[in-house]
Amino acid sequence: MDTLIMVVILTAVGFVSGKIAEKMHYTSIREREQKTLKLPVTTTRRPLGVGPGNVRMELVSGSVVISVDYFKMMLAGLQNIFGGHVTAYESLIDRARREAILRMKEQKPFALQIFNVRIETTSISKGTGSGAVGSVEVLAYGTALLKAG
Amino acid sequence: MKRVQYVPRLPDENVNVTDSSPLKDFVILLTGLLGIITAVYVLLGLAVDWAVERMDAEMENRVFGDFQFDIPLEGRENKRSAILQRMVNDLNRNCTRLPAQFKVYAVDDEMINAVALPGGTIIVFGGLLDIMESENALAMVLGHELGHFHNRDHLKGVGRTLVLMVISTLVLGPNNILNNWMEASLTLTQTAYSRGQESKADAFGLQALNCKYGHVSGATQFFKTMSEKHNLGKVEKFFASHPADQDRIANIKALAQQQGFGEGELTPLPEGLRKKSK
Amino acid sequence: MFMTNTEIVPGRTITQYHGMVSGSTVRAKHLGRDMMAGIKNIFGGELKGYTELLTESRKEAIERMIQQARQMGANAIINVRFSTSSVAAGAAELYVYGTAVTLN
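Chains as they are written, first to last, in the numbering used here: chain V, 14 to 162; chain G, 2 to 279; chain W, 122 to 225.
Right, dumping it as C-alpha cells:
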C-alpha cells in the first residue's frame, strides 16, 4: 500500500515538474536559436563560403547533461514493453542536442562560422538494465572561424 | 568562382519528437500492462490452486519441510510453545482430524498475529497471547489457523507469491522500476482474495471450538478486543487483509446461530500462558 | 533530396548553405521480440527483429532529417554522419546529422 502511494506521488510530481521544465526549456531553446541564427553551423570539414582572409580558428564545444523525470521513466518502461516510439526519451535527447549546440555557439557568438561540428551522445545511468535512471550527456564540438585581431 | 551564400532559416516545426500526449499514452499502456498481468496472474493463480489441492500433506512436508522462513524462531522450545503444541495436537486429534503433524511456536514479539506456514508450521506471536482472556478464545485462533491448513490457503499464498515473483522477474528483469507499480497493484488483489479465505477459516475454527468445548463462548473475544484497540478508518478497512473486526464478529455470530451452537462456561487460560504482570 | 557523406558533389556546385540539420528517433520492439532475441542470443546468429528495428529507425531518422532540410529550403544534405546513443536499454536510438545545402 505504501509503495503504491509513494509511486503515485512520485509519478505525479515527475509529470508536473517534468512538463514545466520541458516547456520552459523549449521556450528558451527556441528563443536562443533565433538569436544565434546568424552564426552558421556546418558539418563540413572546410568552412563554406568563406574566402581567404585574415582569420583564425579555435576549437569550441558545448555540453549538457539532462535527466528524465520519474513519470517519463515510467512511460519509457511501458513503451519499451509494447514497442514503438519511445517518446519519453525522444524529447529528452532532442532537448539535450539542441542545448549542446546552442552552448557551443554561445561560446563564440561573434564567430564567422563553426564548421566540422560533431555530436557525441553518452548515457549516464545509475543502475543497470531497463530500470536504470535515464540521463543523457550530449557534447557538441567544432571549429570556430574568427576574424583575426 | 561564385561565393557560397549562407541562407539562415529555422525549421518550422520540431520533427524529431513524435507528436503525442504523454499522459494519454501512459494511461493506455499502464492499463494494458496491468490488464495483461492480472489475466496471467489469475490464470496462473488458478493453476497453483489446482496443483495445491492435489498436493497431500506428505508431499507438502517433503517440499516445504526444510523451508527457511524470515521469521526468527528463537525461543522456539520455550514453555509457551509446548503448551500451544499440546493444545493444537489435542484439537486436531479430537476435532479437526487433519492428516498432518503440526509444529507450533510461540514467538516473543509484540505483534498481535498468528500465521500458518507451509510444512505445517503455526507461529503465534506473543502480542496475541497477551490479549487472550480464555482458553476458548485461544482455541478459536488455533482452529482458525488449522482452517487455513484445511483449505490449503497457506500453500496458495506462497504459491501465488512465488508465481508473481517469477513472472515479474522474467518479464521485467530484477530491478525494473515498473515492478513497483506491479507489486503495489498486486497486493491489492491479494488482500481481496484472502478475505474470502479468512471467513472460511473462521467457520472452520468455530466448528473446532464447538467440538472441543461443546459451545462457542469466547469465539469473538479476540475480535472484540481488537476492535476496542483500534477503530479502523474507511480506507484502512478496505485494504485490511482481515475483514474488519465488526464484520467478522457478525459473521461468526450468524454462523453460530445457523449451526445451533450454544453458549457456555469459559475455561481459563492454562497457567503458563497467562499474561505476565509487568 | 540528395544525400551524401562527402563534402563535394562532383559536377554540381553548392550555391547556398543553410546550417546543420538532424534527425533522431528512439524506438523499441515489444517485449515478445525482446524475449525472442534473448533466446536467440544463446544460439547466436542474426537477430532479425533487431535488424528490422534498426533499419526502420534509421530510415525514420533520415526521413526526419530530410523533412527538416526541406523546411529550411535546401535540396541536398552533405557530409551526413550517423551516431547512436543508449539511454534506454532495449531501444534503438538513431541519430543522423549533416549540412543542408542548395545545389544548382
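The beta-carbon is built from N, C-alpha and C at its ideal position, and this holds for glycine as well.
Classify G/K25 as buried or exposed, calling it buried when 16 or more other Cβ atoms lie within 10 Å of its own Cβ. exposed
Determine contact between the stretch 215-223 of chain W and the stretch 141-148 of chain W, defined as no fewer than three beta-carbon pairs at a distance below 8 Å. Counting Cβ pairs under 8 Å, three or more are found: they touch.
Bridge partner(s) assigned by DSSP for V/S74: V/Y154
DSSP puts V/I79 in a beta bridge; with which residues? Answer by DSSP bridge pairing, in chain order: V/V149.
Which residue marks the beginning of the beta strand (DSSP E) containing G/G144, and which one marks its end? Looking at the DSSP string, G/G144 is not in any beta strand (DSSP E); the run it does join, the alpha helix (DSSP H), is 136-151.
Mapping DSSP to helix, strand and coil, what is V/S143? Only weak support is given to the placement of V/S143: the predicted model assigns it a pLDDT of 48, under 50, and the question is left unresolved by the model.
Tell me G/V108's beta-bridge partners as DSSP assigns them. G/F126
Does V/G62 come out as helix, strand or coil in the three-state DSSP assignment? V/G62 falls in the coil class under three-state DSSP.
Taking the alpha carbon of W/L174 as the point to measure from, which residue in W/R154, W/Q189, W/E184, W/G159 has its own alpha carbon closest? W/R154
Let me know the secondary structure DSSP gives W/K161 once reduced to three states. Reduced to three states, the DSSP call for W/K161 is helix.
Limits of the unbroken beta strand (DSSP E) element including V/V26: Note, V/V26: premise wrong, no beta strand (DSSP E); alpha helix (DSSP H) at 15-48.
Measure how close the beta-carbons of G/F205 and G/G144 come, nearest whole angstrom, since I'm counting them as under 8 Å. 6 Å
Using a Cβ cut-off of 8 Å (strictly closer), state whether V/K51 contacts chain G. yes
How would you list, in chain order, the residues of chain G whose beta-carbon sits under 7 Å from the beta-carbon of W/M193? R10, P12
Mind listing the chain G neighbours of W/H139? Cutoff is C-beta to C-beta under 9 Å, in chain order. Y7, V8, P9, R10
Beta-carbon proximity list for V/L158, same chain, < 7 Å, skipping 5 on both sides: P60, V63, V68, M70, A124, L125, Q126, F128
DSSP beta-bridge partners of W/S143: W/Y218
Does any C-beta atom of chain V lie closer than 8 Å to the C-beta of G/G36? no
Taking W/N200 as part of the alpha helix (DSSP H), name the residues at either end of that continuous run. Looking at the DSSP string, W/N200 is not in any alpha helix (DSSP H); the run it does join, the beta strand (DSSP E), is 197-206.
Which residues, taken in chain order from the stretch 61-85 of chain V, show a beta carbon closer than 9 Å to some beta carbon of chain G? L61, G62, V63, G64, Y83, F84, K85
Residues of chain V with CB closer than 9 Å to the CB of G/R94, please, in chain order. Neighbours of G/R94 on chain V: none; closest Cβ ~40 Å, over 9 Å.
Beta-carbon of W/L152 versus every beta-carbon of chain V: anything under 8 Å? yes
Drop a sphere of 10 angstroms on the beta-carbon of G/K279, count the other beta-carbons inside from all chains shown, and report buried for 16 or more, exposed for fewer. Unreliable placement is indicated for G/K279, whose pLDDT of 38 sits below 50; the coordinate value is still reported in the next sentence. Counting C-beta atoms within 10 angstroms of its own C-beta, G/K279 has fewer than 16 neighbours from the protein chains shown and is therefore classed as exposed.
V/I137, DSSP secondary structure in three states: coil
What is the DSSP secondary structure of W/A209, reduced to helix, strand or coil? In the three-state reduction of the DSSP assignment, W/A209 falls in the coil class.
Please tell me whether W/I160 has its Cβ less than 8 Å away from any Cβ of chain G. The beta-carbon of W/I160 is placed no less than 8 Å from the nearest beta-carbon of chain G.
On the DSSP letters alone, give me the boundaries of the beta strand (DSSP E) that G/V116 sits inside. 115-118
Assuming the contact rule is C-beta atoms closer than 8 Å, G/L274 and G/L130 should be a hit. Round their C-beta distance to whole Å, please. Between G/L274 and G/L130, the beta carbon gap of about 6 Å places them in contact (Cβ cut-off 8 Å).
Considering only C-alpha positions, which residue in the set G/L85, G/N90, G/C96 is nearest to G/A115? G/L85
Where do the N-terminal and C-terminal ends of the alpha helix (DSSP H) with G/D26 fall, by residue? 23-54
Do the stretch 195-209 of chain W and the stretch 152-168 of chain W touch if we need at least three Cβ pairs shorter than 8 Å? no
Buried or exposed: which applies to W/N126, given that a residue is buried once 16 or more other Cβ atoms fall within 10 Å of its Cβ? exposed
Let me make sure I understand the geometry here. Which of W/M156, W/H151, W/A209, W/V222 has the alpha-carbon closest to that of W/M186? Nearest to W/M186 by alpha-carbon distance, out of W/M156, W/H151, W/A209, W/V222, is W/V222.
Leaving out the 5 sequence neighbours to the left and right, which residues in its chain are closer than 6 Å to W/M124 when beta-carbon positions are compared? I198, V201
Excluding sequence positions up to five away, which residues of its chain have a Cβ less than 8 Å from the Cβ of G/Y214? Scanning its chain for C-beta atoms nearer than 8 Å, with the 5 sequence neighbours on each side dropped, one finds around G/Y214 the residues N137, A140, G265, T268, in chain order.
I need the boundaries of the alpha helix (DSSP H) containing V/Q120, first residue and last residue. Per DSSP, the continuous alpha helix (DSSP H) segment holding V/Q120 begins and ends at 100-120.
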